[in-house]
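A.B. asks: So the protein sequences, as listed, match chains V and F. Everything in the first sequence is counted per the working numbering, starting at -2 for the first residue and increasing by one. Everything in the second sequence is counted per the working numbering, starting at 339 for the first residue and increasing by one. For glycine and all other residues, C-beta sits at the position ideal for the given N, C-alpha and C.
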Amino acid sequence: MIYKVISKSEFTAFIDAIVKANNAYGPRRVDSDRNGEPIYKFMPVASADEIAFDYTATHFSAKQFFLPFREELSHFSFDEQDNWEQHIRYEAPPTLLFGLRPCDISAVNILDDVMLRGPYPSPYYLARRRNTFIIGMDHLPLPDCFCKSMNRHTVSHGFNLFCSDIGDSYYLSINSSKAFTFLKEFELRNPTPEDDCLLIERRKLIKQSFLTNIEVTGLPLFLDIEFDSPIWEKWGDKCLNCGTCAMVCPTCYCYSVEENFDIDLKGSSRHNRLYSCNLVDFAEVAGGHNFRPRNGDRLKYRYYHHYRGFSANDNQQICVGCNRCGRACLAGINPKDVINDLRLERETCKTGDSPSPNRT
Amino acid sequence: MKHLGFERSKVRVGSFDFTCCEGCQLQLANKESTLPEFLALVDIRNFREISSERHDDYDIALVEGSITRSDEVERLRKIRATAKVLVAYGTCACFGGVNSLKNRLPQEEVVREVYDGKKVETMPSTRIADIVKVDFSIPGCPVSKEEVERVVVSLVNRSLPTLPRYPVCVECKQRLNTCLFDLGEVCLGPITRAGCDAVCPSGKSACLGCRGPADDLNFRSFTDLVRDNGLSTEEMLEKLRFYNGFADQLGHEES
């Protein structure tokens, strides 16, 4: 990692040049909600003045740049003798993503673990990941962000360049030779001790600004104990089974695979489609048996995947604490309330008639 | 001749319309990019948007429109008796459709308004499944051409045709749309069957539920959400009644 400092005006010139020269995406204001609050999304950007540098949070994560919602995995062609050939393409145009938050970059790092470090690395994912240049930006948390609870409010890898706002300048963490080469043409300076102090202050401020905290330590055990808890039914009764949470989630990667004939029957295609464990037929198998027929069952397993299963296997929880699911859920279901509910449920043990053994 | 393990004799198709705008049939006939392949796949025996020939031998009957007259009942029964597979396609055939709006008014008043008092035989609009057995339904106002083609291809090669069972929200989110509830609108996306690629919300127009209820929808949570957002219950009911797709849910609610 190389550290440099760049003035904000020079930074804008740099971003302008780099987005003009590339297939670039960045945060843009696309709508206002019913209360007049801005709605931001990662959208194509052609110049710096299209970018909302002061954006709060995007409604959608940057997941779809790496895991498209729908993607052709292979195409098959058949001849008259029923011989067939499979055609596979891993093509990804070079893409620049600007403005990702530490939680968003952490999410991509988690997807790397899933898609690249498992027993069957995904070449489709790899092509996109390799061809994507990521510029991160820090920010002050929103009232409902809980990435600090997940320890995802800072990030030290997975990006090409990371920018911390230190007032009149940005403190740059340069993490790739490509980024360093791009920046060579712009006026940079080495950080002074004052810049270092400003960076530390900035980090302290971010850390102290979190209003939402969720106690996640020991959660895998709690979830095991609470497998039959009534709270799953309580929150499941609200769930619309609409899959919105998984679609906006930066780490939900579950997918379904579909195969369809071409209309001329001379070929067929195999697609994958990002799915959600909250959808009614997620756990349905051939013959029509559904392993998770109730809303509460499906909701429970979504929490299990995010906070328990993955941590048991890979020593990390896959939720990054961005709370996009909580904001997008029309039924008002959010991780903070569900997890707190789960813990409150268990608090009652303390006053029950099964005290912990006394110290001897 | 066998191809891919099944007989490649052409499947004979008839398409029929009852009370409707014939827009669904037009969707199929209009899709020029795949029309030659579609016509090569099947043997069109009866489809007035495509051919002036009329034959009464067909394996698959595609039926559009709702039933509003007694002679339609007879005609539909004949089609059922002829076809091996009967597919209801379009919202009118599946649910009664927009035509069902008249069911809420006295029939004399409706005839007076539309036909200026001329004597016209009419009865409440019903979906075709109330008259005959329907083997498969493809809802939509209009139907999605891709979906009809996909179902026909499935029927031709004897694989199981399916519709998405989840609601429109999935596809709407996949198109990165701003949620219409965030913009203060009542949208039926959370309870309506997907498969339309969220075409209405993508144009910032609320879903009116033309594809009918999604599987295992959570109606109570949906009505709570409209209420909790301070949105109009009247508007919600208007939308739910528009295509008659949610008659079961409304009947349950109103009883």
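Kindly indicate if chain V contains any beta-carbon less than 8 Å away from that of F:S475.
C.D. replies: Not one chain V Cβ lies under 8 Å of F:S475.
A.B. asks: Would you list, in sequence order, the uninterrupted alpha helix (DSSP H) runs of no fewer than 4 residues that lie entirely inside the stretch 383 to 450 of chain F?
C.D. replies: Whole alpha helix (DSSP H) segments, 4+ residues: 408 to 420 and 429 to 433.
A.B. asks: Taking C-beta to C-beta, are F:T530 and F:A544 nearer than 8 Å?
C.D. replies: Taking 8 Å as the Cβ cut-off, F:T530 and F:A544 do not qualify as a contacting pair.
A.B. asks: Since V:V245 meets chain F, which of its residues come closer than 9 Å, beta carbon to beta carbon?
C.D. replies: The contacting residues are K511.
A.B. asks: Looking at C-alpha atoms only, which residue of V:L139, V:L108 and V:P116 is the closest neighbour of V:R125?
C.D. replies: Ranking V:L139, V:L108 and V:P116 by Cα distance to V:R125 puts V:L108 first.
A.B. asks: Report buried or exposed for F:A532, applying the criterion of at least 16 other Cβ atoms within 10 angstroms of its Cβ.
C.D. replies: Result: buried.
A.B. asks: Give, in chain order, every residue of the stretch 477 to 510 of chain F whose Cβ lies closer than 7 Å to some Cβ of chain V.
C.D. replies: Of all residues in the stretch 477 to 510 of chain F, E487, R488, V491, N495, R503, Y504, P505, C507 and V508 have a Cβ within less than 7 Å of some Cβ in chain V.
A.B. asks: Alpha carbons only, please: which of F:F433, F:M461, F:G435 and F:G428 is nearest the one belonging to F:P444?
C.D. replies: Nearest C-alpha to F:P444: F:M461.
A.B. asks: Quick check on DSSP: helix, strand or coil for V:K17?
C.D. replies: It is helical.
A.B. asks: Here's the rule I'm using: 16 or more other beta-carbon atoms within 10 Å means buried, otherwise exposed. How should F:P477 be labelled?
C.D. replies: Buried is the call here.
A.B. asks: Just reading off the beta strand (DSSP E) that V:M244 is part of, what are its end residues?
C.D. replies: Taken as a continuous stretch (DSSP letters only), V:M244 belongs to no beta strand (DSSP E), being part of the alpha helix (DSSP H) at T241 to V245.
A.B. asks: Using DSSP's beta-bridge definition, name the partner residues of V:S4.
C.D. replies: V:S4 is bridged to V:S166.
A.B. asks: Below 8 Å between beta carbons is the criterion; list the residues of the stretch 37 to 61 of chain V that meet it against any residue of chain F, in chain order.
C.D. replies: Of all residues in the stretch 37 to 61 of chain V, K38, H56, F57 and Q61 have a Cβ within less than 8 Å of some Cβ in chain F.
A.B. asks: Starting from the C-beta of V:R67, find all residues in its chain whose C-beta is less than 8 Å away, skip the five residues before and the five after it, and write them out in chain order.
C.D. replies: Closer than 8 Å at the Cβ level, and outside the excluded window around V:R67, lie H268, N269, R270 and L271.
A.B. asks: Starting from V:P120, trace the alpha helix (DSSP H) in both directions and tell me its first and last residue.
C.D. replies: Taken as a continuous stretch (DSSP letters only), the alpha helix (DSSP H) holding V:P120 covers P120 to R127.
A.B. asks: Taking buried to mean at least 16 other C-beta atoms within 10 Å of its own C-beta, is F:D409 buried or exposed?
C.D. replies: So F:D409 counts as exposed.
A.B. asks: Does DSSP put V:I222 in a helix, a strand or coil?
C.D. replies: Looking at V:I222 - three-state DSSP - the assignment turns out to be helix.
A.B. asks: Would DSSP call F:F584 helix, strand or coil?
C.D. replies: Note: F:F584 maps to coil in three-state DSSP.
A.B. asks: With DSSP as the reference, label V:K38 as helix, strand or coil.
C.D. replies: If DSSP states are grouped into helix, strand and coil, V:K38 belongs with the strands.
A.B. asks: Show which residues of chain V have a CB atom less than 8 Å away from the CB atom of F:L379.
C.D. replies: Neighbours of F:L379 on chain V, chain order: I260, D261 and L262.
A.B. asks: So, are the CB atoms of F:G435 and F:C479 less than 8 Å apart?
C.D. replies: Contact: yes.
A.B. asks: For V:E256, which residues does DSSP report across the bridge?
C.D. replies: Note: V:E256 sits in a beta bridge opposite V:R267.
A.B. asks: Is it right to say V:P247 is buried, meaning 16 or more other beta carbons lie within 10 angstroms of its own, or is it exposed?
C.D. replies: Buried, because 16 or more other Cβ atoms sit within 10 Å of the Cβ of V:P247.
A.B. asks: Establish whether the CB of F:S438 and some CB of chain V are separated by less than 8 Å.
C.D. replies: Chain V, which has no Cβ nearer than 8 Å to the Cβ of F:S438, makes this no.
A.B. asks: Would you list, in chain order, the members of the stretch 431 to 455 of chain F that have their beta-carbon closer than 8 Å to a beta-carbon of chain V?
C.D. replies: Those would be none; no residue qualifies.
A.B. asks: Taking only beta carbons into account, state which residues of the stretch 526 to 557 of chain F come closer than 8 Å to chain V, listed in chain order.
C.D. replies: For the stretch 526 to 557 of chain F, which is checked against every Cβ of chain V, the residues closer than 8 Å are G527, P528, I529, A552, D553, D554, L555 and N556.
A.B. asks: Which one of V:F75, V:S103, V:R340 and V:G329 has the shortest CA to CA distance from F:S559?
C.D. replies: Checked all of V:F75, V:S103, V:R340 and V:G329; the closest Cα to F:S559 is V:G329.
A.B. asks: From this set, F:D397, F:L366, F:C358 and F:R392, which residue's C-alpha is nearest F:R496's C-alpha?
C.D. replies: Selected option, being the one with the closest Cα: F:D397.
A.B. asks: So which of V:P188, V:L327 and V:Y37 has the shortest CA-CA distance to V:K1?
C.D. replies: Of the candidates V:P188, V:L327 and V:Y37, the one whose C-alpha sits nearest the C-alpha of V:K1 is V:P188.
A.B. asks: Just how far apart, CA to CA, sit F:I388 and F:A421?
C.D. replies: For F:I388 and F:A421, the distance between alpha carbons rounds to 19 Å.
A.B. asks: Which chain V residues are close to F:F519, counting only those with a beta carbon under 9 Å from its beta carbon?
C.D. replies: Under the 9 Å cutoff, chain V gives R31 and L327.
A.B. asks: Would you mind working out which of F:V349, F:G550 and F:I466 sits nearest F:L588, comparing C-alpha positions?
C.D. replies: Nearest C-alpha to F:L588: F:G550.
A.B. asks: By Cβ distance below 8 Å, which residues in the same chain neighbour F:L578 in space, the five residues on each side in sequence not counted?
C.D. replies: Taken in chain order, the residues that qualify are L526, G547, F584, Q587 and L588.
A.B. asks: Verify whether the separation of the beta carbon atoms of F:A467 and F:A426 is less than 8 Å.
C.D. replies: Going by C-beta atoms, F:A467 is nearer than 8 Å to F:A426.
A.B. asks: Helix, strand or coil for F:S540? Go by DSSP, reduced to three states.
C.D. replies: F:S540: helix per DSSP, three-state reduction.
A.B. asks: Please look up how many angstroms separate the CB atoms of F:V508 and V:S58, rounded, as I've assumed it's under 8 Å.
C.D. replies: Contact flag wrong, Cβ pair sits at about 16 Å.
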